[in-house]
Amino acid sequence: GSFFFSCIWALGGTLMVDHREWFNDLFRALLLPELPEEIKKRFSLPPEITSSSEPYISTIPPEGSVYDYKFSKEGKGRWTPWIEDLKSIPPIPKDIPVNQIIVNTIETVRYFYLFKNLVNQHKPVLLVGPTGTGKSVYIMEFLLKRNNPQVFKPLFITFSAQTTANQTQDMIMSKMDKRKKGVYGAPPGKYW
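The following block contains the structure:
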C-alpha cells in the first residue's frame, strides 16, 4: 500500500488534472490479475508489460479515483478517503481576519498531508501549478502554522528581476551558523 501511494503521488501527482483520469485508468489496470486489451491498445503498451501474477495484499478501493484515497499504515494498512480527513477538520474560527482564511478542501487536505510527510522526512518539496492557484499561500500556511516552529525554521526569499545571485547567497548565509571554515548550516537540531 505504501508503495502504491508513493507511486500515485510521485508519478501521478505531477500530472495536470485532465491527465489524471488516464493515469487512474492505467494504474488500476496494472493492479488487475490480467491487463485488459482495451488498456493495452489505448496506451500502446508493449506486450512485455503485464499485470502481476500474484495478488496484491492491499489494493485500492474500486470506487472513485486512485487520487481519492490515502494509505494509512494502521494494522496491516488500509486505504481511507481524503474526505474523511476533511470531515474531521474543525470549523474556521469566527475571529480570524478574512484575508487569512484558508477554506479546507480535499486538495488542501492532500497537500498538507503530503507536505507534512515529506518535510518530517527531510525531503524537498516542489509544488507546481498555474499562477494564482494558491501554491504560495498553502506553503506559507503549512510552514508558519501547521509545522513544528521549534525544529523547522522557514526562510522566505522574495525574488525580483533585480535580485542577483550574490544577494540571494547573502540572504541565505545570514540565516546560517558557521560550523567550521567553509562549512555552514542550520543551528543544531533545526532545519531550514
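Per UniProt numbering, the sequence shown starts with residue 1, numbered consecutively. Glycine included, C-beta positions come from ideal geometry on N, C-alpha and C. Here the structure is a predicted model, which means the values were calculated and not measured.
Residue i: which of the options sits nearest, CA to CA?
i	options	result
F3	K175, P154, Q100, I60	I60
K73	L30, L32, N117	N117
D25	G182, L126, G13, V66	V66
I172	R179, G185, K181	G185
F146	L30, T80, N120, G132	Reading off the sequence shown, one finds Arg at residue 146, where the question assumed Phe. If we check each option's Cα against that of R146, N120 comes out closest.
P81	P91, I92, P62, G75	P62
V17	D68, L144, F115, I83	D68
Q100	R179, F115, H122, G134	G134
F142	L30, P47, I102, F43	I102
For my contact list, residue i and residue j are in at a C-beta cut-off of 8 Å; report their separation, rounded to the angstrom.
i	j	result
S51	L32	5 Å
K70	Y111	At roughly 12 Å, the Cβ-Cβ gap does not stay under 8 Å, so K70 and Y111 are not in contact.
F27	I57	About 17 Å separates the two Cβ atoms, so there is no contact after all.
T164	I157	12 Å between Cβ atoms; not a contact.
F77	G1	In the sequence as displayed, the identity of residue 77 is Gly instead of Phe. So it is a contact: roughly 4 Å between Cβ atoms.
Tell me where the alpha helix (DSSP H) around residue i begins and ends.
i	result
I106	106-120
* To do: Kindly confirm or deny that the segment 79-94 and the segment 14-33 touch, where touching means at least three C-beta pairs closer than 8 Å.
  => No, the segment 79-94 does not touch the segment 14-33.
* **Segments of 4+ residues assigned as alpha helix (DSSP H) that fall wholly inside the segment 130-155** => Runs of the alpha helix (DSSP H) lying entirely within the segment 130-155 and spanning at least 4 residues, in chain order: 135-145.
* If we count Cβ pairs, one from each stretch, closer than 8 Å, do we get three or more for the segment 152-171 versus the segment 183-192? -> Yes: at least three Cβ pairs fall under 8 Å.
* Asked: Where in the segment 152-190 do unbroken runs of the alpha helix (DSSP H), each at least 4 residues long, occur, reported from the N-terminal end onward?
  -> Counting only runs of 4 or more, we get 165-173.
* the segment 131-142 in contact with the segment 105-115 per 3-pair CB rule at 8 Å -> Contact holds: three or more Cβ-Cβ distances are below 8 Å.
* Check whether the segment 123-133 touches the segment 94-103, taking contact to mean three or more Cβ pairs, one atom from each stretch, closer than 8 Å. => Too few Cβ pairs lie closer than 8 Å, so no.
* Sequence ranges, alpha helix (DSSP H) only - wholly within the UniProt domain "Dynein heavy chain AAA 5 extension" (2-83), length at least 4 -> DSSP runs (the alpha helix (DSSP H)) wholly in the UniProt domain "Dynein heavy chain AAA 5 extension" (2-83): 2-10, 17-31, 37-42.
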